[in-house]
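The sequence shown maps to residues -8 to 119 in my numbering. Where a beta carbon is used, it is the ideal one built from N, C-alpha and C, also for glycine. Here the structure is laid out as structure tokens; the discussion comes afterwards.
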Amino acid sequence: MDLVPEQKLAEIVNASDVVLCVYSGKDPNNKFALPQKMFQAMACGVPFIGNRNLPLMRSITEKYDCGLLCGEDPSSVLDAILTLYRNPVLRDRLSRNGRLAVEKTYNWERMSETIVQSYQSLDSCRVR
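Right, dumping it as structure tokens:
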């Protein structure tokens, strides 16, 4: 499958009703990192369905009420999809909250400040 250009990706996400981010909890990378797809959905105001067994994903989802969590098994994913399909009020709330979380916290300006502060704190720990 070819890579989708960034501009086209936003169009695809915006045209979606939901974005699936149900990554395997067995992969260490998924346990300690967050998928860009989740933030793309949030930025576009599209609710996402994520794996409740991934600590960082669960933490952000619960803190900002911006997605629906489920297990990795197909029936759990289907239940989450049907929950969003049947509940437009929930869909709208998750969409709004995800967008607000990106506007306030998960944006390049805020993240770059955090990265710079992290590097500065590491620099202050150096033995001179």
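Annotation: the segment 14 to 91 contains the following complete segments of the beta strand (DSSP E) (minimum length 3 residues), in chain order: 39 to 42, 58 to 61.
Ranked by how close their Cα comes to the Cα of Y55, the residues A24, D83, C61, A92 have A92 in first place.
Here F39 really is in contact with V10; their C-beta atoms are around 4 Å apart, less than 8 Å.
Ranked by how close their Cα comes to the Cα of F23, the residues S50, K(-1), G36, D8 have S50 in first place. Of the candidates E104, S112, R87, Q108, the residue whose Cα lies closest to the Cα of G36 is R87.
Annotated three-state conformation of L(-6) is coil, per DSSP. Per the coordinates, the alpha-carbon of C57 lies some 16 Å from the alpha-carbon of Y76. Spanning the alpha carbons of M48 and A34 requires a straight line of approximately 15 Å. Counting C-beta atoms within 10 angstroms of its own C-beta, T105 has fewer than 16 neighbours from the protein chains shown and is therefore classed as exposed. Here the C-alpha atom of C12 lies approximately 16 Å from the C-alpha atom of A6. Between the C-alpha atoms of L113 and N21 there is a straight-line separation of about 25 Å. Shown here for V4: same chain residues with a beta carbon closer than 7 Å to its own, the five before and five after excluded, namely V10, Q31, A32, C35, V37 in chain order.
As the crow flies, the alpha-carbon of T52 is around 17 Å from that of S67.
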